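According to mature numbering (1 follows the signal peptide of the UniProt record, and there is no 0), the sequence shown holds residues -21 to -1, 1 to 985 in order. Beta carbons: idealized from backbone N, C-alpha and C, even for Gly. Nothing here was measured: the structure is a model prediction, and the numbers come from that model. First comes the structure, then the notes that go with it.
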Amino acid sequence: MNRKNLLYFPIFLGTFFVLSAQESQIFTHEDKVYQEALTLYNNQQYQAAQAIFEDVKSSTEDGETEANSAYYAANAAIRLNQRGADRLMEDFVDRYPTSTKRNSAFLDVADYYFETGKYPYALKWYKKVDQSAMSNADKERFNFNNGYALYASRRPKEAERYLSRVSTSPKYGSQAKYYLGYIAYEQDDYDEASARFDQITDPELLNEKLSYYQADLNFKLGNFEEAIAMAKKQLPKSDRKEVSELNKVIGESYFNLEQYDEALPYLKKYRGRRGKLSNTDYYLMGYSHYKQGDFEGAIQQFNKIIGGTNSVSQNAYYHLAECYLKLNKKPEALNAFRNASQMDFSPEIERDALLNYARLSYEIGNAYEPVPEVMTSYLEKYPKDQHQQEIQELLVDSYITSKNFEGAMELLEKNKGYASKETYQKVAFYRGVELFMEGDYAGAEERFLKSLKNVGSTDFEARALYWKGESNYRLNRFEEALDDFGRFKRLAAAKNLPEYQHLDYNLGYVHFKLKTYGSAINHFKNVTSLGVDADGRLGDSYVRLGDSYFVTSKYQSALTAYNDASKLNGPERDYAAFQKTLCNGFLGKNKAKIDGLNQFLSRYPKSSLRDDALFELGNSYIKTDNESLGMQTYDRLVEEFGRSKFAPRALLRQGLVHYNANRNDRALTKLKSVVSKYPNTQEAKQAVATAKLVYVDEGRVSEYAAWVRNLDFVEVTDAELDNASFEAADRKNSEGKTDAALRGYEAYLKEFPSGIHSLQVNFKLAQLYFSRNQKDEALKNYLVVADSGSGEYTEQALTRVCEIYIGRQDYPSAIPYLERLESSAEIAQNRTFAQSNLMKGYYGQKNYDMTIAYAEKVLNAPKLDNRIKSDAQIMIARSAIATNDERLAETAYGEVKKIATGKLAAEAWYYDAYFKHQNQDFEASNTSVQKLAKDYSAHKEWGGKGLIIMAKNFYALQDAFQATYILESVISNFAEYDEIVAEAKGELAIIKSREAQSNSSVEPGN
């Protein structure tokens, strides 16, 4: 509103009127110089006039002329904007208190300042005016000018008092009503403003500006059709800013009339305050699109509403959610419903949004909070709601779909009415399977038992029995396992289940462990007769069938089974080949055995059975009187496998061969070599006993005695006591009297620390402590055995030492033993165990090259289960991330994703989303985050990291609402993860700073 044009109109009239009156009063004065000065003054030649008035004032003897000259001189100074002009006028008033121009001086100076727009100065002088001494014309001018000066000085209440006095004036009335109306308008008194504006008749005012305010007033008074008409009329006359505001009036008026198609074009033309739209502006456009069924268009407006906390925002977010649902964008709808449900401006919207939020959480998962908590929250907030039963059922299912089976069991145990007995049966079963896969077989067996106590489905009864049997087998409870598998087999439902096809295989193993080899043979034969190789079971069954025949001395049948196993080229083909040579030996086919062993050594250069094969080959050569090759083979064994348990045996055999051939010196050399290289082993003790025979034969008893005195593990005089002490403790152990056995073993070691049986006692003592979970005590004894070199118990002791150190997360101590176990293990699983933990140990030391090297070794191991595979791939992936090799990391995480479960799978899906985001495949990245949220909600940290990726994706897809809402939710829901919250805050600050440039409702960085 250009008020300046309006206020000039009355000012000029008033000023010229005063001057004309003054001129008529002075015109008859006789003083010529005074008249010349007055003429100059009236012609606005103030400087020349001022000089003459000053001269007249100082020279005249006429009091009135002196006073008038002082008045005009001061007035000229004010118009010349001279310093001290105010003081000159005040001096005039003080010196000439009886002058007729005293009141005119105040009014004239005030009017001058008013005319020049210096309203505070004008008010200062208007305050001095004596209103009772003014003419009516001066009073009208005084009241209008004073009123407007007060209005311009932002003192509207005082302004109203003066402007009201001239609201009926023919001269000032229209303008006074305009400003009185405008004051009411600014104070939101729209009725009063409308009434004032309606009284204005001045065509200039009406044509220039008034229609704009009347249009806005009608809109605010709810007269939308009048507002539209007036605004449209004013549009052609308005400047750019007013055009924008008038488009807003028209658009919002149509919106309130529910004419959304008419409203939208005008709403879009509104440019906002200072070029920024507000959340309300985006809501109006979004809702107009929504009501016309344009859900994409609605989303584009609604999702620009950021950080809203009022009824408009709650409405917007609810309708935004509906739009997302219409377009099947469920993750986006989940966020919008959640936001609307967290506001209480409309209780109906709050409840309905929470209901939809709960339903969607169940359907697609929820990364912010556990789905069961969402359901529970709804039930607690609306306990008698019509949707109660639906939400109760979803609550139970939500535990199941989020794989929180333990939580579901606890819920159903406390609220039996929430679901059927059959549902509890299934939940307990799935929790059992989950624990079984995690290696907690005792926990799994307990859950399967609970499932069996709540039978509702015969299928799940059968499955629970089967997996209970699997758990008992893993716990070495073979009798219980046999009973479980037997009960499973007897159930009619079992035959239709996938587990049934593995029953004979499992029963074969149970009987094998129970040493009922005849039954084991029958079951393994059932497996092999089908000829179906499921997960390598066929080849494994042939091997175990061969073993069952072998231990029952049916070597020909064993040979046939091992042959069949070899044809399948399975992971134990080297073992089958080796066992075939043993069968030939027992069948008296020594040549076939020797040929087979040589063939084995050539064909399997990396087999863990090479030391076994060399030992057997050496024995076979000796047995067939080929001493030279036999001794060479023993030498090869000792050279290549110095740490093998067969190395001391080979040396001992060489000593015996020399002794039997009367080569006593050479015999003693070999026997002493056994003692020096492998002290404390049974072979060393046997070597001492054989050496004694040699020395006796040679008549060198004193030499023998001197040698033996230097051996700390041989107590010749106490041998009988040593054996008796060991046998007493060992008998208690075999009888199951473990407390007495512990005391006996400890007493033996105290009495015979380097006794004949010290290694065996240390091992058995360690085993007893370990079984009691006294791992610190067990470790001491295991270390004695592990550090002794090679022997019967060395591999088991090494494995336990590693296991205990790893349990403590003490990889620096574990690594040397893991390296020894890797190089010496004869059991493939122990070698894989060593390699997989060396991989983890090196990763902990940030030695990423060695981590990857060992991970690749693990992946090359035979018969590897998915858990170990995923561990290896994770180590490769994490090492690649640490070394910024994202290509390798992406490949490795891709492999992990295929096979991992639990936390590792959550990590893999996070990185799947991460790499897709890096590749700008934002929608696919969001799909991966949603998978992470739905299937792995128990792993909250990865869920939080995934949500930050999702927020970045949405912002890249130009959905600012989703981006900011997700980040705000992360900040409020993941407080226990400082790094995640810090990253979310950083991303949110960046987005808000960008959005604040175009949205006035957004505070940058808040």
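Separation of residue j from residue i, as counted between CA atoms
{"i": "Leu129", "j": "Gln110", "result": "17 Å"}
{"i": "Glu920", "j": "Phe953", "result": "8 Å"}
{"i": "Phe812", "j": "Ser750", "result": "20 Å"}
{"i": "Lys106", "j": "Lys150", "result": "23 Å"}
{"i": "Ala28", "j": "Tyr50", "result": "12 Å"}
{"i": "Val35", "j": "Lys220", "result": "56 Å"}
{"i": "Asn563", "j": "Phe579", "result": "14 Å"}
{"i": "Asp41", "j": "Lys80", "result": "16 Å"}
{"i": "Asn577", "j": "Leu566", "result": "18 Å"}
{"i": "residue 988", "j": "Val667", "result": "As displayed, the chain neither begins before -21 nor continues past 985, which places residue 988 out of reach and without an answer."}
{"i": "Tyr554", "j": "Leu588", "result": "7 Å"}
{"i": "Leu185", "j": "Val108", "result": "Unreliable placement is indicated for Leu185, whose pLDDT of 49 sits below 50; the coordinate value is still reported in the next sentence. If you take the alpha carbons of Leu185 and Val108, they lie about 33 Å apart."}
{"i": "Asn689", "j": "Val654", "result": "11 Å"}
{"i": "Ile855", "j": "Arg642", "result": "57 Å"}
{"i": "Asp644", "j": "Tyr496", "result": "47 Å"}
{"i": "Ala868", "j": "Gly820", "result": "19 Å"}
{"i": "Gln611", "j": "Ile601", "result": "11 Å"}
{"i": "Asp90", "j": "Lys103", "result": "11 Å"}
{"i": "Ala851", "j": "Leu476", "result": "33 Å"}
Own chain residues within Cβ distance below 6 Å of residue i, not counting five before or after
{"i": "Ala300", "result": "Ala312, Ala315 and Phe316"}
{"i": "His490", "result": "Ser498 and Ala499"}
{"i": "Leu493", "result": "Phe457"}
{"i": "Trp888", "result": "Ser907, Lys910 and Leu911"}
{"i": "Tyr335", "result": "Just to set this straight, residue 335 is Asn in the shown sequence, not Tyr. Once the five neighbours on either side are set aside, the close Cβ partners of Asn335 are Phe316."}
{"i": "Tyr297", "result": "Ala319, Ile328 and Ala332"}
{"i": "Lys711", "result": "Ala719, Ala720 and Gly723"}
{"i": "Thr39", "result": "Glu45"}
Nearest candidate by alpha-carbon position, reference residue i, set the options
{"i": "Arg973", "options": "Ile950, Asp41, Asp938 and Asp90", "result": "Asp938"}
{"i": "Met264", "options": "Glu389, Arg253, Lys255 and Pro244", "result": "Pro244"}
{"i": "Asn978", "options": "Gln280, Ser802, Tyr748 and Lys882", "result": "Gln280"}
{"i": "Leu306", "options": "Asp766, Ala892, Asp273 and Ser292", "result": "Asp273"}
{"i": "Lys308", "options": "Ala131, Thr380, Tyr683 and Leu339", "result": "Leu339"}
{"i": "Ala53", "options": "Glu43, Arg66 and Met854", "result": "Arg66"}
{"i": "Gln824", "options": "Gln852, Asp789, Ala856 and Lys842", "result": "Asp789"}
{"i": "Asn235", "options": "Glu204, Ser223, Asn289 and Pro791", "result": "Glu204"}
{"i": "Asn82", "options": "Arg62, Asn60, Pro99 and Asn47", "result": "Asn47"}
{"i": "Ala346", "options": "Ala138, Ala112, Glu224 and Leu926", "result": "Leu926"}
{"i": "Lys585", "options": "Glu94, Pro550 and Leu142", "result": "Pro550"}
{"i": "Lys570", "options": "Arg582, Asn548, Glu595 and Leu547", "result": "Glu595"}
Contacting residues, own chain, Cβ-Cβ under 7 Å from residue i (five flanking each side not counted)
{"i": "Pro310", "result": "Ile343, Asn905 and Gln909"}
{"i": "Tyr944", "result": "Asn314 and Asn318"}
{"i": "Ala646", "result": "Gly634, His637, Tyr638 and Val673"}
{"i": "Ser232", "result": "Phe198, Phe203, Ala206 and Ile207"}
Cβ shell of residue i (< 8 Å), same chain only, five flanking positions each side left out
{"i": "Lys895", "result": "Phe901, Ala903, Ser904 and Ser907"}
{"i": "Glu982", "result": "Gly286, Lys971 and Ala975"}
{"i": "Asn876", "result": "The question names Asn, yet the displayed sequence has Lys at residue 876. Counting only Cβ-Cβ distances below 8 Å, and skipping sequence neighbours, we find Ala884, Ala887, Trp888 and Asp891."}
{"i": "Ala(-1)", "result": "Its pLDDT being 37, under 50, Ala(-1) is placed unreliably in this model, and the coordinates cannot settle the point."}
{"i": "Leu631", "result": "Lys649, Leu650, Val653, Glu662, Gln665, Ala666 and Thr669"}
{"i": "Val12", "result": "Ile31, Asp34 and Val35"}
Residue j beta carbon less than 8 Å from that of residue i
{"i": "Ala441", "j": "Leu470", "result": "yes"}
{"i": "Ala624", "j": "Thr773", "result": "According to the sequence provided, residue 624 is Lys. The question's Ala does not apply to it. For Lys624 and Thr773, yes; Cβs fall inside 8 Å."}
{"i": "Ile735", "j": "Lys664", "result": "yes"}
{"i": "Asn433", "j": "Lys400", "result": "yes"}
{"i": "Val949", "j": "Ala963", "result": "yes"}
{"i": "Ser377", "j": "Phe415", "result": "no"}
{"i": "Ala840", "j": "Ala892", "result": "no"}
{"i": "Ala626", "j": "Ser769", "result": "yes"}
{"i": "Lys405", "j": "Phe439", "result": "yes"}
{"i": "Ile284", "j": "Ala295", "result": "yes"}
Bridge partners - residue i, DSSP secondary structure assignment
{"i": "Leu256", "result": "Asn978"}
Contact test: residue i Cβ vs the ligand FMN heavy atom, cutoff 7 Å
{"i": "Lys216", "result": "Only the bare structure without any ligand can be found here, which leaves the ligand FMN out of the picture."}
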